[in-house]
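Worksheet: the structure to be examined is printed underneath.
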Amino acid sequence: MKQATLRSRLVLGFCLVTVPLVVLVLWNNLYATKVVHSQVAQSNQNLLTMYVNDMDKALKETENYLYKTAEQDQAVLSLGQYPRDSWEYYLAKTQTVNGLFLNTNYYEAADVLFAYSAPYGDLFVAPQQSVSYERKHAIEDKLAGLFRGEPEGSPFYARWNVVELDGQYGLLRVVDTNYRSRVGAWVDLNRLMQPLHLLTRDGKGEAVLLDKEGRPISGADGDLKEKLAKLEPKAERDDPGAAAYNIVKLGQRYLLVGRQSGAADMSLLLLLPESSLLERLPYFRILTYWVPGAAAVLLIVYLIFLQRSIVRPIHRLIRGMRRVRSGDLSARLEDGKLVEFVTISETFNGMATQIEHLKIDIYEEQIRTQKAELKHLQAQIHPHFFMNSLNIVYHLAQIRSYDIIQSLALHLVRYFRYATRTQVGSLTMKEEMDHIRDYLSIQKYRFPEAMEFAIEVDPALEGFELPPLTVQPLVENAMVHGFTYRGDSAFRIAIRVFSESEEAGAPVCIEVADNGKGFAEDRIDALRERVHAAEPDDGHVGLWNVVRRCRLYYKENVKMSFGASEPAGAKVTLYLPRKS
């Protein structure tokens, strides 16, 4: 699992603080807007209810008057009973007109009260004083056309009807007396809406009447009518006890409340601009919409501040620690701007300096120890061959081979002069091979017919430096563990020094091969593990000694491999790195 970084934790902490605050601000603004909507809707719903109730009351009173007149007014009932040129018809007509004019004073909601004689098509009209002469005649023509088109018993005579006249709408109520006469009232909707228009004349709202199909019939200009025709409001409700309202968009956002009339098939709507309701709240709402962006900008500034003040010094500290861990003790930290980071930098730099000095002291002590160990290991080789040499001289003296003893003594002198140079840290490959030639010559004096040897050195490697007595343990190992004499062929040791490849820096290979007993297959891996172990075991100390000394000398990894020689025997190869 990937571990969290300091930067991610700081960003997470910032988000845990700012995100809830941003959400709270947005929610508070939305909640405040909804509360204002609900309160304003409730207040205006009450206003609409009161006005619609007053309007329905006026229409009901007018309707009751019409019913009463149709049942009890003998003059109206007589309009269809007498001949048109009779005195009785003239009297009924006169009384009807007088009665209509008189009642216009009591039923001010009606713009026109009228009576109609069905047999003769006579229409008697009593308008309010506010109705113009042209408007009166237009209403008369409209009524005459309606009466001719609506037969007796039509639903037209059973309710208030919305009627259009010259682009304006009115309410028409006609009651049939069942005596071939009718009485009715015309209500101009624009005049009926005047009280609400007075309430909304400051431009903070619009009052609109809609018919049962939802078409505007009063209070809406042409532009508003087109917008209302396309309107598909989405209802928003608070708790069940609150008033219902719609938020609609007609160029700008409006709060819409409505009320159905109980007296006629129409509805009264009130459109209130949201901007006038919320006052400065829309600006605050717009501001809150910018809050997430401001929070993002603040987060960026916060991250830049953290990057410069905290994250970057910590990264420098981490890089310094990694350099020290990788072995670069020269790593130092720059002083930061904060007191805490200055203290950390001074402490780290002081600690790195102390570790560097301590490591140098330990390294120098290790060098002294390794030199002493190298000389000790080098000295351990001397007694090993010394006893064998004396044994050879003894046997030659027994057979009085003085010329051979003289030659052997010369080889022994060169051999021990080389072997006792413990103060020398390294020799060339040529010197080492001359020493091996002396050693093998001494061994050949011991086994003159049973042993042969050959030494082959790449001329380019004669100057290659290596620790003294590096190759001798390999040759001794071949003599001790591989020497056999079969009568038909002598024991042969071949020493070859060559480069592993032609590339620069390729290891130098010293190969010692014989035709003796060879290695068992199951022992090769065990031999490889023993010579490369940290400490020697009971066997093959000489080979382990070679690897150990070469590692101390070259300060690099040294390898030794074991294998079979062709056609028989063993092969040991030592790989030495080239010192730069």
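Numbering that gives the first Met the number 0 applies: residue 0 is where the sequence shown begins, and numbers increase by one. Beta carbons are placed, not taken as given, at the ideal position from N, Cα and C, and that holds for glycine.
- Message: Taking contact to mean 3 or more Cβ pairs, one atom from each stretch, closer than 8 Å, check whether the stretch 456 to 470 and the stretch 428 to 446 are in contact.
- Response: yes
- Enumerate in chain order the residues of its own chain whose CB-to-CB distance from GLN259 is below 6 Å, with the five nearest sequence positions on each side excluded. If the five residues before and after GLN259 are omitted, its C-beta is found closer than 6 Å to the C-beta atoms of SER266, all from its own chain and listed in chain order.
- Message: Between LEU47 and LEU269, how many whole angstroms is the CB-CB distance? I'm expecting something under 8 Å.
- Response: 6 Å
- Roughly how many whole angstroms lie between the Cα atoms of PHE113 and LEU99? 7 Å
- Message: Please report the distance separating the alpha-carbon of LYS578 from that of THR342.
- Response: 44 Å
- Query: Is there contact between the stretch 117 to 129 and the stretch 171 to 187, where contact requires at least three CB pairs shorter than 8 Å?
  - Reply: Segments in contact, yes.
- Task: Could you check the C-alpha separation between TRP26 and GLU345 for me, to the nearest Å?
- Result: Rounded to whole angstroms, TRP26 to GLU345 spans 50 Å at the Cα level.
- N- and C-terminal bounds of the alpha helix (DSSP H) containing ASP433: For ASP433, the enclosing alpha helix (DSSP H) covers residues 428 to 445.
- Item | Sequence-distant residues of its chain with Cβ nearer than 7 Å to ARG190 (five each side left out) | By the criterion of a C-beta distance shorter than 7 Å, ARG190 is surrounded in its chain by ASP110, once the five residues flanking it on both sides are discounted.
- How about LEU103 and VAL174: do their beta carbons lie closer than 9 Å? Looking at the sequence shown, residue 103 is not Leu but Thr. Not a contact, by the Cβ cut-off of 9 Å.
- Which of the three DSSP states, helix, strand or coil, is assigned to SER180? strand
- Message: Just verifying my parser: in three-state terms, what is the DSSP assignment at ASN514?
- Response: coil
- Message: As a quick exercise: from ARG134, GLN80 and ALA57, pick the residue whose alpha carbon is nearest that of GLU107.
- Response: ALA57
- Query: Excluding sequence positions up to five away, which residues of its chain have a Cβ less than 7 Å from the Cβ of TYR438?
  - Reply: TYR414, GLN471 and VAL474
- Leaving aside the five residues before and after ALA453 along the sequence, list all residues of the same chain whose C-beta is less than 8 Å from its C-beta, in chain order. ARG491, ILE492, ALA493 and ILE494
- Chain-order list of residues whose beta-carbon lies under 7 Å from that of ILE391 (same chain, five-residue window excluded): LEU407, ILE441, TYR444 and ARG445
- Message: At the level of alpha carbons, what is the spacing between VAL310 and TYR553?
- Response: 43 Å
- Item | Top-ranked residue by Cα proximity to GLU212, from GLY169, PRO272 and ASP264 | ASP264
- Taking TYR168 and LEU188 to be in contact with their CB atoms under 8 Å, please state how far apart those CB atoms are, rounded to whole angstroms. 5 Å
- C-beta atoms of ASP524 and PHE482 nearer than 9 Å: Taking 9 Å as the Cβ cut-off, ASP524 and PHE482 do not qualify as a contacting pair.
- Query: DSSP three-state call for THR572: helix, strand or coil?
  - Reply: strand
- Query: Excluding the five sequence neighbours on either side, which residues of its own chain have a C-beta within less than 6 Å of the C-beta of PHE497, listed in chain order?
  - Reply: ASP457 and CYS508
- Task: Alpha carbon to alpha carbon, how far is LEU465 from GLY562? Give it in angstroms, no decimals.
- Result: 23 Å
- Step through the CB atoms of chain C and report whether any lies within less than 9 Å of the CB of MET559. The chain labelled as chain C is not found in the depicted structure, where only one protein chain is given.
- Continuous beta strand (DSSP E) assignments of at least 3 residues falling wholly in the stretch 461 to 526: 490 to 498 and 507 to 513
- Where does THR419 land, buried or exposed, given buried means 16+ other C-beta within 10 angstroms? Burial is judged here by how many other beta carbons sit within 10 angstroms of a residue's own beta carbon; THR419 has fewer than 16 and is exposed.
- Work out the CA separation of GLN405 and VAL628 for me, nearest whole Å. In this structure the chain extends from 0 to 579, so residue 628 is not present and cannot be described.
- Query: Where in the stretch 307 to 351 do unbroken runs of the alpha helix (DSSP H), each at least 4 residues long, occur, reported from the N-terminal end onward?
  - Reply: 311 to 324
- Message: On the DSSP letters alone, give me the boundaries of the alpha helix (DSSP H) that GLY148 sits inside.
- Response: Per DSSP, GLY148 belongs to the alpha helix (DSSP H) from 132 to 148.
- Task: State the CB to CB distance for the pair ALA262 and ASP55, rounded to an integer number of angstroms; the pair is presumed to be in contact (CB under 8 Å).
- Result: 4 Å
- Would you call the CB atoms of THR572 and VAL511 closer than 9 Å? yes
- Task: To the nearest angstrom, report how far apart PRO150 and LEU195 are at their CA atoms.
- Result: If I take the Cα positions, the gap works out to 37 Å.
- Answer with buried or exposed for GLY462, where buried requires no fewer than 16 other C-beta atoms within 10 angstroms of its C-beta. exposed
- Look up TYR417 in the DSSP assignment and give the residues it is bridged to. Residue pairing of TYR417 in beta bridges, as defined by DSSP: absent, with no partner found.
- Task: Can you tell me which of ILE216, ALA294, LEU302 and LEU209 puts its alpha carbon nearest to the alpha carbon of GLY257?
- Result: LEU209
- Query: How far does the alpha helix (DSSP H) with LEU542 in it reach, from first residue to last?
  - Reply: 540 to 553
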